[in-house]
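S.K.:
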Amino acid sequence: MGQLPVIAVVGPTAAGKSDLAVDLALRLGGEAINADSMQLYRGMDIGTAKLTIPERKGVLHHLLDIWDVTRTASVAEYQKLVRPLIDDLRGRGVVPILVGGSGLYVRAALDDLEFPGTDPDIRSRLERELADLGPSALYARLAEADPVAAAAILPTNGRRIVRALEVIEFSGRPFSATMPSYDSVYPSVQIGLEVPRPELDERIELRVERMWAAGFVDEVRTLREEGLAGGLTASRALGYAQVLRFLDGEWSEEEARAETVRATRRFARRQESWFRRDPRVRWLPYDASDLVDQAARLATCGL
307 MGQLPVIAVV
317 GPTAAGKSDL
327 AVDLALRLGG
337 EAINADSMQL
347 YRGMDIGTAK
357 LTIPERKGVL
367 HHLLDIWDVT
377 RTASVAEYQK
387 LVRPLIDDLR
397 GRGVVPILVG
407 GSGLYVRAAL
417 DDLEFPGTDP
427 DIRSRLEREL
437 ADLGPSALYA
447 RLAEADPVAA
457 AAILPTNGRR
467 IVRALEVIEF
477 SGRPFSATMP
487 SYDSVYPSVQ
497 IGLEVPRPEL
507 DERIELRVER
517 MWAAGFVDEV
527 RTLREEGLAG
537 GLTASRALGY
547 AQVLRFLDGE
557 WSEEEARAET
567 VRATRRFARR
577 QESWFRRDPR
587 VRWLPYDASD
597 LVDQAARLAT
607 CGL
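Numbering (this note's numbering), first residue to last: 307 to 609.
1. Please go through the same chain and pick out, in chain order, the residues whose beta-carbon is closer than 8 Å to the beta-carbon of R348, but skip the five residues on each side of it.
2. Short check: CB of G353 to CB of E525, under 8 Å?
3. Take Q385 as the anchor and find which of G364, G409, V365 has the nearest alpha-carbon.
4. Quick one: Cα of P591 to Cα of A320, how far?
5. Where do the ends of the beta strand (DSSP E) carrying V401 lie?
6. Decide if D351 is buried, meaning its Cβ has at least 16 other Cβ atoms within 10 Å, or exposed.
7. Apply the 10 Å Cβ neighbour rule to R509 and answer buried if 16 or more other Cβ atoms are within range, or exposed otherwise.
8. Going by DSSP in three states, Y546 sits in which element: helix, strand or coil?
9. Starting from G397, trace the alpha helix (DSSP H) in both directions and tell me its first and last residue.
10. State the Cα-Cα distance for the pair V587 and S494, rounded to the nearest angstrom.
11. Examine the Cβ distances between the segment 538-558 and the segment 389-400 and report whether three or more of them are shorter than 8 Å.
12. Short check: CB of S490 to CB of L416, under 8 Å?
13. Using only CA atoms, which one of H367, P318, G407 lies nearest to S343?
14. Identify the residues that DSSP records as bridge partners of A338: which are they?
15. Please classify R568: is it buried, with 16 or more other beta-carbons within 10 angstroms of its beta-carbon, or exposed?
16. Closer than 8 Å by C-beta to T528: which residues in its own chain qualify, once you throw out the five before and the five after it? Chain order, please.
17. Can you give the beta carbon distance from F522 to V549, rounded, assuming they're within the 8 Å contact cut?
18. Whole-angstrom Cβ separation of E327 and V405, contact assumed at under 8 Å?
19. Going by C-alpha distance, which of D554, E472, F552, A564 is nearest P426?
20. Run the CB neighbour count on K356, radius 10 Å, all protein chains shown included, and call it buried at 16 or more, exposed below.
21. Report the rounded CA-to-CA distance for L460 versus A470, giving the unit in angstroms.
22. Scan the segment 537-581 and note each continuous beta strand (DSSP E) run of 3 residues or more that stays entirely inside, going in chain order.
23. Quick one: give me the first and last residue of the beta strand (DSSP E) that G444 is part of.
24. Classify T570 as buried or exposed, calling it buried when 16 or more other Cβ atoms lie within 10 Å of its own Cβ.
25. In whole angstroms, what separates the C-alpha of E383 from that of G545?
26. Among A331, R447, S380, Q600, which has the Cα closest to the Cα of H368?
27. Let me check understanding here. Comparing Cα to Cα, which of L419, E420, I467, P422 lies closest to P441?
28. Of all the options R333, T358, R377, which has the alpha carbon lying nearest to the alpha carbon of E532?
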């Protein structure tokens, strides 16, 4: 397998990641691996800006359209799917090119990141304690059992406190032992696409306009008949959640479209913050005339 690297193209939504990944794959002899949690869902095409077959330019794309919209997303399950795929590609001398803006999914593919199991009985008991006692009492218990984990969790975040205590109790290990680190399990190069905020805001508004023009409402209507509203993950996807509220009569169509723009802009800021915290990401201007050349040079540092 040697030292063939995994390339990851990351950054905020609407930055142009998918197109760059295709161009890199063509240049390097690679194949694309989806790292967008919502592109895993069948039928969620327009709202997730999934590349059409012609737009893929013959580049094989993996882990697209594998889940029904009723299925709850699991980053742990994604990790179990993506790791053997990466190993297979590298073993055949094919450069794996991860592409997507779901930061935890990228980390699950690349990094030494554990996803400990759950114990429903322990979880239920802790959740009852949280409801009865409030987060402060449970946080004090966590601070005593695992100070490192407590330092990384807000004292008011009851959900995460419960999860940490659950892992400690059923595994017998500190929760902090499972927390993310920046330790890659593969040689990797992460390329971030940098878009000035005013430009990104404009690109997002244009993308939403194009979604509507391409029949996005009809896509959501069709998926609604397939159980979209009951899917705990897919129903909350950007755009889909807003159009469902329109179809349910809560909002006008214009309100749904405007809120999709606002929500997507907020999400893009969170994505950028996530990837900015990772010191390994090498940022390139999205509109560089030689973007593919620059990205290929960074990528081939590991070849």
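We treat Cβ as the ideally placed atom computed from N, Cα and C, and that holds for glycine.
M.R.: In this structure, then:
1. Excluding five sequence positions before and after R348, the CB atoms of its chain that fall closer than 8 Å to its own CB belong to D371, I372, W373, D374, V375, given in chain order.
2. Against a cut-off of 8 Å, the Cβ pair of E525 and G353 comes out as a contact.
3. Answer by Cα proximity: G409.
4. If you take the alpha carbons of P591 and A320, they lie about 13 Å apart.
5. Its beta strand (DSSP E) spans residues 401-405.
6. Using a 10 angstroms sphere on the CB of D351, the tally of other CB atoms reaches 16 or more, which defines it as buried.
7. With 16 or more neighbouring CB atoms inside 10 Å of its own CB, R509 falls in the buried class.
8. DSSP places Y546 in helix when its eight states are reduced to three.
9. From DSSP, the alpha helix (DSSP H) with G397 extends over 381-397.
10. Counting only the Cα atoms, S494 lies some 10 Å from V587.
11. Result no; under three Cβ-Cβ pairs closer than 8 Å.
12. For S490 and L416, yes; Cβs fall inside 8 Å.
13. Cα-wise, what sits closest to S343 is G407.
14. According to DSSP, A338 bridges with H367, I403.
15. Exposed: under 16 other Cβ atoms inside 10 Å.
16. Taken in chain order, the residues that qualify are G349.
17. Indeed, because the Cβ distance is near 7 Å, the residues count as touching under 8 Å.
18. Before going further, note that residue 327 is Ala rather than Glu in the sequence given. Contact flag correct, Cβ pair sits at about 4 Å.
19. Ranking D554, E472, F552, A564 by Cα distance to P426 puts E472 first.
20. Its Cβ being crowded by 16 or more others within 10 Å, K356 is buried.
21. Their backbone Cα atoms lie some 12 Å apart in a straight line.
22. Listed in chain order, nothing qualifies, since the segment 537-581 has no complete beta strand (DSSP E) run of 3 or more residues.
23. What sits at residue 444 in the sequence shown is Leu, not Gly. Segment 441-451 is the alpha helix (DSSP H) holding L444; no beta strand (DSSP E) there.
24. By the beta-carbon neighbour count (other beta carbons within 10 angstroms, threshold 16), T570 is buried.
25. When only Cα atoms are considered, E383 and G545 end up about 25 Å apart.
26. Closest option to H368, Cα to Cα, is A331.
27. Put simply, of L419, E420, I467, P422 the residue whose alpha carbon is nearest the alpha carbon of P441 is I467.
28. The residue with the shortest Cα to Cα distance from E532 is R377.
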